[in-house]
Structure formats: structure tokens, C-alpha cells
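Engineer:
Chains as they are written, first to last, in this note's numbering: chain A, 347 to 695; chain H, 766 to 1123.
1. Return helix, strand or coil for residue 984 of chain H, following the three-state DSSP convention.
2. According to the neighbour-count rule (16 or more other Cβ atoms, all chains shown, within 10 Å of its Cβ), is residue 1088 of chain H buried or exposed?
3. Along the chain, where does the alpha helix (DSSP H) containing residue 413 of chain A start, and where does it finish?
4. Using a C-beta to C-beta distance shorter than 7 Å, which residues of chain H count as neighbours of residue 479 of chain A?
5. Once you ignore the five residues that flank residue 1019 of chain H on each side, which residues in its own chain have a CB closer than 6 Å to its CB?
6. Report the start-end ranges of each alpha helix (DSSP H) in the segment 554-601 of chain A that is 4 residues or longer and not cut off at the edges.
7. So residue 541 of chain A and residue 530 of chain A are supposed to be a Cβ contact under 8 Å. How far apart are they, rounded?
8. Of all Cβ atoms in chain H, is any one closer than 8 Å to the Cβ of residue 435 of chain A?
9. Compare the C-beta of residue 1006 of chain H against all C-beta atoms of chain A and say whether one is closer than 8 Å.
10. What are the residues in the segment 917-936 of chain H lying within 8 Å of chain A by C-beta distance?
11. Any contact of the segment 1049-1057 of chain H with the segment 798-818 of chain H, i.e. 3+ C-beta pairs under 8 Å?
12. With DSSP as the reference, label residue 1038 of chain H as helix, strand or coil.
13. Would a C-beta distance cut-off of 8 Å place residue 543 of chain A and residue 407 of chain A closer than the cut-off?
14. Apart from the five residues on each side of it in sequence, which residues of its chain come closer than 8 Å, Cβ to Cβ, to residue 547 of chain A?
15. According to the Cβ coordinates, are residue 415 of chain A and residue 580 of chain A closer than 8 Å?
16. Would you say residue 414 of chain A lies against chain H (beta-carbon separation less than 8 Å)?
17. When the Cα atoms are used, what is the spatial distance from residue 1121 of chain H to residue 1108 of chain H?
18. Just mark residue 393 of chain A as buried or exposed, buried being the case when its beta carbon has 16 or more other beta carbons within 10 Å.
19. Counting contacts by CB-CB distance shorter than 8 Å, is residue 493 of chain A in contact with chain H?
20. Nearest by alpha-carbon distance to residue 454 of chain A: which of A/475, A/507, A/431 and A/605 is it?
21. Taking 8 Å as the cut-off, does the segment 939-946 of chain H touch the segment 1020-1038 of chain H (at least 3 CB pairs, one atom from each stretch)?
22. Using 10 angstroms around the beta-carbon of residue 932 of chain H, count the other beta-carbons present and answer buried if the total reaches 16, otherwise exposed.
23. Which chain H residues sit within Cβ distance under 7 Å of residue 475 of chain A?
24. Return helix, strand or coil for residue 532 of chain A, following the three-state DSSP convention.
25. Enumerate, from N- to C-terminal direction, the unbroken alpha helix (DSSP H) stretches of 4 or more residues contained entirely within the segment 988-1063 of chain H.
26. Going along the chain, which residues of its own chain have a beta-carbon closer than 7 Å to the beta-carbon of residue 1095 of chain H, five neighbours each way excluded?
27. Pull up the distance between the alpha-carbon of residue 935 of chain H and that of residue 877 of chain H, whole angstroms please.
28. Cutting at 6 Å between CB atoms, please list the residues of its own chain near residue 1077 of chain H, excluding the five before and the five after it.
29. Measuring only the C-alpha atoms, how far is residue 1136 of chain H from residue 829 of chain H?
30. Quick one: is residue 788 of chain H near chain A, going by C-beta distance under 8 Å?
31. Would residue 482 of chain A and residue 1100 of chain H be called neighbours here (beta carbons separated by less than 8 Å)?
32. Residues of chain H with CB closer than 9 Å to the CB of residue 689 of chain A, please, in chain order.
33. Any idea what DSSP makes of residue 515 of chain A, helix, strand or coil?
34. What's the gap between the Cα of residue 395 of chain A and the Cα of residue 512 of chain A?
35. Measure the alpha-carbon distance for residue 822 of chain H versus residue 991 of chain H and round it to whole angstroms.
36. Taking 8 Å as the cut-off, does the segment 979-994 of chain H touch the segment 864-882 of chain H (at least 3 CB pairs, one atom from each stretch)?
This is the structure we're talking about:
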């Protein structure tokens, strides 16, 4: 049995095992401990899980584009922190308290993180920075400078209350049972994320440029021979990845009430989850979104259990997404990485 | 970035630090503060008095030991971003093993030494096991160690925090902390009075650095590790079991991270407390190790620099209005620059010196 075959069978076995385990836990929980499952997995739960998944999804899509083209952007977490912070700054200085100001903040954040991503891309591609170390550098810079600047502006590492974008309710359609609340009474940012997911999938697998991106990561020499500038493709994807992570941070802020700059900041590992999400999704935007939804769902679960007064420590429940990552990475392993990730490309002319 | 010569690395580290501090001063000025005062506070806060010097040396010992832990893994081509988690797990194991063993040992000096040995071993073993976990996942499940170690950091901090809040909390205390260690546990300060710093701690740290340097360069184990890092295929060809080597490296690295927390608990805190409130030694250690080009001996000056920077942070927090998160930002900028030796080579060529590598 070849290694690939074994991995394939193992994956099927694992998924099967996970489903059986989940069912067993469900049955035991309902029968033995009288846990009201129907009150945990409500329509609102699904809708809010999607809200939590949106920022992770956006960062994941950016990251997968960069890695597909051969550059590991490990700075996603840092770009998300900058995104959330810039969105708070933009919304704050736009004044007022309407959804319009929140949108202005999101636009401002995306624009500014794009500028930062250009600088990052130049360091990685033109100056051949060590991708891992430079990405960690971005994370540390964001962890320090975002709270620093927040303190300068607001006198505190946290921002004052920031208006949110609110929900987009389609009259009539939102009355449809189940589907209405999940689709037609949802944050417009979830819609935006869904659009980005589908758009990225089409772009990656159905356009020439998408094929160039994949070739830049798998076989840059061939792409070069075909007359396409490998590094130009990589610039585009790295800048896109920074912009998407920044947008993800901005979306995170728009779904909450203020920027939190204490501890690991409000981003709190979501950029890292983004990387894990596209690894699980096997570099497919739709797979990455599904994985992000899993993390969003697990994250939301703790809130659900708490509102039902189920005696489980909040501190331990907060660890669930991270434990899920370890378990799934341990069982699933790393998906097939593009062949030339991490190597700077030099034109041979 | 590992293709630079020793002299080049030294130059890059120095220039990175200077440029990062310069950028920091610009930001201080932009935020409406006086950069000259800030720079003065930075120096005074690090070495301005005996008390501050002791604080700098105390922090430096933690940065040196955690930096060595990171360097061990990086040298072998494995990224251990999980030193913070291994530190937290080791610290709790150290404090709890001492508390549990205390009733069975005499209360005098000899008992104290015994307890410290027990605590140190417990910290090294648990840190090593916590480090071995991502090593096993990498070797046998092909799971990216960067991701798993970061996840394990979050898990360690959350789980230990829960343990100290619930079963291991000091009876009747409102603070999230364990019981204090017995009075017989601790290192005599020798020179610096009540500063949480002991010269003995520094001597032990330097001894550890020497031991690690010898292991890395003079033993079969170290040789296998280093060749795996630089020449993976050559290592496998010469009979190194690559998988076992990854696990051994991560275990060694995690055990050293555990030793750092034993020092932290025994020399400084005298108990273990809320892990989220502990300084991120494990993360800063990455910068320390990178500045030192992952050389255990180079970690000593890099650790001293970080000790000074962080000691000054406490001073600046009290005596000025400049938000201290700036220092973390400066550390990040240092890391970013260290990642790009090519930038400096190009700058050097432009300036027309030292271009002989072309």
C-alpha cells in the first residue's frame, strides 16, 4: 500500500470516526445528562457561527493564495491585528455612530493593510527575507504597535465603543423558517465573505491568472519559460493576502463593539486559525471556508453552553478550537504543500 | 538567512537593533514625546542603579535560557514557537512538585536543595514532554510544527490558568496563584539584596549555555541535530533517523524551556501565578535566538540586550507617559530586519563597502 493510498484511507476512517464520536457524545449528552441539544444547535447558533467564521475565512483565503503561488505568509495574524485596529481608527475618526461609519472604517483598514502588505511583499520577494522569521516579525510588530498607537490615540489599549454594521434583513424572505434567519437576516459582511469565497474559487480554478498562481508555486521555472513573470504573480498574491487578512480583522471589529488591545489583542489567534483552515481545506477556498465554519461553530459552542448554564468552565471551553486543531492536524497531517513554497525565485537570464 | 558569515550576522544584528531603536524614537517623537528623554529613560531604566541592574540581569537570565531553547530547535531546522507554552507547563510542574514534596523532606537547607532539585527535574521533564508532543506530531503525522506549537501555547496558558484558578489555587486567596513555596526554597542573592535575582542563577545559566554549546558541537547527538538542520539529505544518508531526531530535538528544546521556568519559579516568583500575566519570554526568545544567529553562545549578549530593554520598560511605565507597548513593536522591527540580510548587503553595496560576496 502506497503512502498516498494509506493517507487517503486514513482520512476516510478519521472522518467516519469523528462522525461516530460526535453522534455518541450527542446521544450520551441527551440521554445521560439531559443536555438540551435542540436548544444548543439553534438557527441563531448557525447564523452567529457564520459571523465568527467570516474573519477566519477571509484571512485563510488570502493566505492560501500566497502559499499557492509559493510564498508562505505566516504574518496573517499580524495583518489581522492591524486590520482590526485600523478599522477602529477609521470608524472612530469618521465620527457618528451609523453603519456608514463602520463601512468607512472597513475600507480604511483594507486600504492601509494593503499598503503594509506591499512593503512586506517587497521584503519577501525583492529582498528574499526568510518568510517564517519575517512573518513572525509582522506579528510582533502588530502586537506592539497597535496597542501602542491605541494608547496614544485613546489613552488606553482598548478603543471606545465603535458602531457596528448591523444586520441586513431582507423583508419577507427573512420570514422563511430556518433559512430566513441564516441567509436573509444576516450580517452583510457574511455575505461579502461568501462572495469572496466563491469569487476566489472561480478565479483560482477557472481563469488563466489562477493557473499562473498555481504554477508559480508548483513549477516556477515552467511559468518563467512560458514568459510570465513569476515574481510579479507572487507580488500580487502576497499583497492580496495582506489585504484579505486586514479585511478579516476589520470584519472582526465590525462584528464586535470595540478594539481590544490587551493580551493577544482581540484577534487572539484567529490569523493562525486562518492558516490551519486553508491547510484543512487543502488550499481550496471553499474547503477553507468550511474549515473556518467549523472553528466558528466550536467557538460559538462555548457561548451557547454558557447561556444554558451548563457547568463547564469557560476557560476550558475557550481552548476547544485549539484542541480541535491539534487533533485534526495530528490525524489529518499536512496536506500537500505546493512544491516551491518558501524558496525565492530568481530569473535565469 | 543562514548563509551569512559570522561577521556579517554580527553586523546585521547590530544594524537591525540600531535601526529599530531609531524607528522607535521617531514614533516617540510622532506621538508627541521627547525622544531624547525616552532614550535616556531607556538607558537609566536598564542600568541606572543597582536595583535596575539587578532587574536587567534577572530578566536577562530568563531570556538567555529561553533563547537557548529556541536556538536548539532552530539549529536543527525545526521551528519551536512553543517555548512559551513549555515554559508555562514547566513552571507549574516545578511549583506543584515542590509543594507536594515539601512535607516529606526536612525543612532545613538540605531539604531545600532537595526540593529545588525535584522542582528543576519536574520542570525539565514536563517542558520536554510538552515539547516532544509537536515533535511527534511533526515526525509521524507530518503536522506543521509552527502551527501546532502556537496552538499548544494557547492550550498551555488556558489549561494552566484553569488549574491555578481551581484545584491548585492558594487556599483563601483572591489572587490566581498557587501556595507560596517553602522558605527553604530559593537562591541566595549573594550581591544584590532582595531583587529576585541571584548571581547563582546567572552562573547556572552560563553553565547551561556552555553545556548546550558543547552538546551541540562536540557530541554525536548534537552533530546529528545540526546536520539535519543544514543538510537533511546528508544526515539521512549518514544513518540519522530523521523522525526520531525531530522528536529528540523538540524534547531537548522543551526541556531547556522547562529549566528556564524552574529558574523563574525558584529564583524569582517563589510560587506560580496566572500564566497569561507572565511576560512572553518564549516569544521574545525567538528574537533573542535569531539575533544570535541561533548560536547558543551568541544568545548571551542578545539575552542581555533584551533584559535591558524589558527592564527599561518597567522604568518607562512609571516615569513617563510613553505607552510601553512600543518596546514590543521595536522588538518586532528587529526580528523583521534580522530576517532580511539581503537588505543590508544591498545597502552595503550601494554605500560601496563590503560587497565582496558577489
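Heads up, the beta-carbon is just placed ideally off N, CA and C, and yes, glycines get one too.
Structural biologist: Based on what the coordinates show:
1. coil
2. buried
3. 389-414
4. 766, 1055, 1100, 1103 and 1104
5. 851, 892, 893, 895 and 896
6. 554-564, 566-571 and 576-600
7. Contact doesn't hold; Cβ gap of about 15 Å is too wide.
8. no
9. no
10. 917, 919, 920, 923, 924, 926, 927, 930 and 931
11. no
12. strand
13. yes
14. 630, 631 and 632
15. yes
16. no
17. Its pLDDT being 46, under 50, residue 1121 of chain H is placed unreliably by the model, and the measurement read from it follows with that caveat. For residue 1121 of chain H and residue 1108 of chain H, the distance between alpha carbons rounds to 15 Å.
18. buried
19. yes
20. A/431
21. yes
22. exposed
23. 1104 and 1105
24. strand
25. 997-1002, 1007-1028 and 1046-1056
26. 785, 786 and 789
27. 21 Å
28. 807, 810 and 811
29. In the structure as shown, chain H starts at 766 and stops at 1123, and residue 1136 of chain H therefore has no counterpart that could be examined.
30. no
31. yes
32. Residues of chain H passing the Cβ test: none, with the nearest at roughly 13 Å.
33. strand
34. 16 Å
35. 30 Å
36. no
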